[in-house]
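Order-wise, the sequence lines are chains H and W. Going left to right, the first sequence walks through residues 1 to 460 as this note's numbering numbers them. Going left to right, the second sequence walks through residues 461 to 920 as this note's numbering numbers them.
Protein chains: 2
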Amino acid sequence: MSIADAVSELKLIFQERLSTAPSVLEQHGKDWTWNAGRNPDAVVFPHSTDEVVRIVKICAKHQTPIIPFGAGTSVEGHFAAVQGGITLDMQQMNEVLAVNAEDLDAKVQAGVTREQLNRHLRHSGLFFPIDPGADACLGGMTATRASGTNAVRYGTMRESVLALTVVLADGRVIQTARRARKSSSGYDLTRLFVGSEGTLGVITEVTVRLFGIPEAVTSAVCSFPDMKRAVDTVIETIQSGVPIARIEMLDEVLMEAVNHYSKLDYNVAPTLLLEFHGTKSSADEQARSVEAIAREHGCVDFRWSADENERAKMWQARRDVPWASLALRPGSKMLATDVCVPISRLADCIVETKADLAESKILATLVGHVGDGNFHLGLMIDPDSKEEVAHAEAFSERLVHRALAMDGTCTGEHGIGLGKMRFMIPEHGEAVEVMRMIKSALDPQNLMNPGKMLPARAEL
Amino acid sequence: MSIADAVSELKLIFQERLSTAPSVLEQHGKDWTWNAGRNPDAVVFPHSTDEVVRIVKICAKHQTPIIPFGAGTSVEGHFAAVQGGITLDMQQMNEVLAVNAEDLDAKVQAGVTREQLNRHLRHSGLFFPIDPGADACLGGMTATRASGTNAVRYGTMRESVLALTVVLADGRVIQTARRARKSSSGYDLTRLFVGSEGTLGVITEVTVRLFGIPEAVTSAVCSFPDMKRAVDTVIETIQSGVPIARIEMLDEVLMEAVNHYSKLDYNVAPTLLLEFHGTKSSADEQARSVEAIAREHGCVDFRWSADENERAKMWQARRDVPWASLALRPGSKMLATDVCVPISRLADCIVETKADLAESKILATLVGHVGDGNFHLGLMIDPDSKEEVAHAEAFSERLVHRALAMDGTCTGEHGIGLGKMRFMIPEHGEAVEVMRMIKSALDPQNLMNPGKMLPARAEL
């Protein structure tokens, strides 16, 4: 085994599209969070599935790890080259291959970002709704089973991906499915690769569902005297069956941060950001239903924003949450974590977590895609302080075990990467062994993003 | 290996809950379609996951095939014991284990049927929407990735299953997921088992999503001078984003059959059965939109049926389609087949198929869950006539290849079983080998419903 041999062989083929420049390696070895990084030995920029096949075959021959890299926006150390190897930067595979407007789907190369796809669609009356915040690429969003603010209405990548082109560990290429909306033909390989975090193969093309741009969009902001009332509003909204498009909750710490960072003047209190899609009359009907529920639960104010500019400002503020949070403590790094619980347990989980935060004296912001029972915490820590890191890790551990005890999951949408590997067995138990069996079957040399997601078997 | 030894050992444990009576074996070896059957060596009726574990371990020890059996309503020879073995009849595992009304989910044993679950839910304001026609059990519906009339609005079993309890081939038990609505934690084992047709393990418990019973339901029937106009109405309805709950198409042959069998007086012409769910105002708004689309496409009549009795009669007629079809030719057996294509190709696919039917002089009825691009054909044949069987098989082959050429799938919801194994390689190509790798990894002795879904590797 020699990674150096693989690098030399690839250099001959890819020339200036293979880089070993320290700045390039560094940029591909470390995400923006507190997670430890490690540089790959080289970064290569393929343009096609065929080129990925060549790379994978050369790496397989030299037993060299292969780490797929999208827009670099994942947050659990997914792309750190923990065993060295070659990073495949997919960003130059950025062609929209087909838009089938009649079928409401599109096929793109893995490096196309969600904003790029939506720009491409701008005259079609269609859009791709999944919005994890960052301008992630569709290959990476698929690999991490991304979701985000619109998931409560439009689903996650699990529901949105119709088919994938995947290069397997031995260089074979498969199509996981065809474009039919449903099928009972064979194992669901599409869903197997959605969320596989690069550990089973390299996703090179993605076919996704699109949706018609709603005729009308209505937004609202409402704040509450406490968190529980906000969460109860969410629970009742979901249970009432209102097809709400977004229902985001920000805690009071975050509202202050957002006001400051994005120059806004929202109430500094637990707040819901709401969006309704439909015909004019159905969007209004939905909004009125939720307003009634919010008022019943004692919301302090309920501000409408049918105006597109105001709406854009509000969602931009939502997107700026990570930076607004970090600005609360200049120089800090973020431990960004998320959990997801059945919605009936959401209030309990959040209230207990806020109490834990208060007791632990950790500076953190809370934001949730609460319609799915999913919420995020950003802990602002000094990564050089062992004490702070240990303190934050202990908190994070308590958070996950709290969610698991409520029949929840250790991550709603961030994925496992390095950061959450230690929770795989607490969450899945024996099923982790089934995952390992699948991993071994498809990647017997353990070259596809090794050292991620699946914890090593315990020593005897 | 000795199946007889497994039967003896199981008999000692299960006593009268293990049967080798010829009538019982026969009932479990053959479905109601034209597919060839084969009796198992014994049928055992477990009551719990633990009992399934005991059965699977004994079968594994004696290298005896294990065939899970639900309500026996599958149509592709899924449960024929082609290599002999033990059939696990799951129908006595029929307990509703939990209804979490606040979370809109329920956990049931695999043998609970969909109608049983809905009866159980009748005072909760919730329902389980997936309706494949027959009163199938949830284990079987999961294993075949069932869908049916409501899928266009509520999704298929792929979207509805939140978690499964599965007994693996070596007797280990796994939970595939927790109850959180979404998760990015690990491989999607839930979706791997949904549609696995008993070939990877025995599903013993199923957690499914529920929905609030809509405040208002409106139905309509409309008929068209020809098939193309009906299909174009469907395509435009889907593209317009109307969240229609059901949109079923029946051809003129079937309308005549249904009128006769169910004593109705519908127009004998291509017909759409429509249903709209929502608040009173949104259901009416949806219905008016679709009426406008249908009239633009020249529908002959558009009959509303807000009345619950009339609606029930209409959907009962829809459910009686198989029997109404068979009554067209007493003594015949049905070759029941389905395909699914991208909706933009639906009109082409149906028009070409109808022309093929006319030319082939085959008596057949056509009904479709057309909102998904999915349609069914029931060919009434004399199973003892080799000529008719060959003729029907050739037609069926042309149908599948027509669908595949349109980027469709060989089955939208029936599954592969025995009947469609020969289409796996034409549809999936190299991906079939990945499915085989997964099958070998999870079931190295090939005891879980062997001889189904995955065609044997070609001889060299």
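Glycine included, C-beta positions come from ideal geometry on N, C-alpha and C.
Ends of the beta strand (DSSP E) at residue i?
i, result
"T190(H)", "Counting along the chain, T190(H) falls outside any beta strand (DSSP E), though it belongs to the alpha helix (DSSP H) covering 189 to 193."
"R303(H)", "301 to 304"
"T697(W)", "Where T697(W) is concerned, there is no enclosing beta strand (DSSP E), although the alpha helix (DSSP H) it sits in stretches over 687 to 699."
"H277(H)", "271 to 278"
Considering Cα atoms alone, identify which of the options is closest to residue i.
i, options, result
"S305(H)", "L273(H), H297(H), W323(H)", "L273(H)"
"D761(W)", "T697(W), R789(W), P685(W)", "P685(W)"
"G412(H)", "V206(H), H123(H), V152(H), Q15(H)", "V152(H)"
"V173(H)", "D338(H), L200(H), T64(H), M157(H)", "L200(H)"
"D903(W)", "M141(H), L189(H), M437(H)", "M437(H)"
"Q776(W)", "G631(W), D595(W), E696(W), R651(W)", "D595(W)"
"R862(W)", "V849(W), S845(W), E847(W), E887(W)", "E887(W)"
"S385(H)", "G373(H), V217(H), S360(H), S332(H)", "S332(H)"
"L162(H)", "T142(H), L168(H), A169(H)", "T142(H)"
"E575(W)", "D565(W), Q569(W), D591(W), L564(W)", "D591(W)"
"T218(H)", "D41(H), R288(H), D232(H), R295(H)", "R288(H)"
"M334(H)", "S396(H), L164(H), V206(H), I381(H)", "I381(H)"
"H78(H)", "G140(H), V206(H), F45(H), G125(H)", "G140(H)"
"S477(H)", "R639(W), S644(W), T650(W), S656(W)", "The requested residue 477(H) is not part of the displayed model; chain H covers only 1 to 460."
"V572(W)", "P910(W), V666(W), I822(W)", "V666(W)"
Please list the terminal residues of the continuous alpha helix (DSSP H) segment that includes residue i.
i, result
"T509(W)", "509 to 521"
"M601(W)", "598 to 603"
"L817(W)", "806 to 820"
"H28(H)", "22 to 29"
"M913(W)", "No alpha helix (DSSP H) holds M913(W); DSSP gives it neither H nor E."
"R209(H)", "Per DSSP, R209(H) belongs to no alpha helix (DSSP H); it is in the beta strand (DSSP E), 202 to 209."
"W775(W)", "768 to 779"
"R613(W)", "611 to 614"
"L466(H)", "The structure shown does not extend to residue 466(H), since chain H spans only 1 to 460, so no value can be given for it."
"R896(W)", "891 to 902"
"S147(H)", "No alpha helix (DSSP H) holds S147(H); DSSP gives it neither H nor E."
"R158(H)", "157 to 160"
With DSSP run on the structure shown, which of helix, strand or coil describes residue i?
i, result
"M406(H)", "coil"
"A921(W)", "The requested residue 921(W) is not part of the displayed model; chain W covers only 461 to 920."
"A220(H)", "strand"
"P790(W)", "coil"
"L920(W)", "Any reading at L920(W) needs caution, since the residue's pLDDT is 47, under 50, leaving its predicted position unreliable; the model's value is listed next. The answer is coil: DSSP assigns L920(W) none of H, G, I, E or B."
"E708(W)", "strand"
"G831(W)", "helix"
"I463(W)", "helix"
"D563(W)", "helix"
"S385(H)", "coil"
"H720(W)", "helix"
"F423(H)", "helix"
"F588(W)", "coil"
"V75(H)", "coil"
"V750(W)", "helix"
"D338(H)", "strand"
"S8(H)", "helix"
"A392(H)", "helix"
Under 9 Å between the Cβ atoms of residue i and residue j?
i, j, result
"M93(H)", "H62(H)", "no"
"V370(H)", "G133(H)", "no"
"P790(W)", "G738(W)", "no"
"I86(H)", "V53(H)", "no"
"R605(W)", "K182(H)", "yes"
"L710(W)", "T797(W)", "no"
"G373(H)", "R345(H)", "yes"
"Y261(H)", "A324(H)", "yes"
"N118(H)", "R246(H)", "no"
"D188(H)", "L788(W)", "no"
"T923(W)", "A431(H)", "Residue 923(W) lies beyond the residue range present for chain W, which begins at 461 and ends at 920; the question has no answer from this structure."
"A570(W)", "M550(W)", "yes"
"L557(W)", "P528(W)", "no"
Return the bridge partner residues of residue i from the DSSP annotation.
i, result
"T547(W)", "V503(W), I527(W)"
"T461(H)", "Past the boundaries of the shown model lies residue 461(H); chain H is included only from 1 to 460, so the question cannot be answered."
"Q635(W)", "T625(W)"
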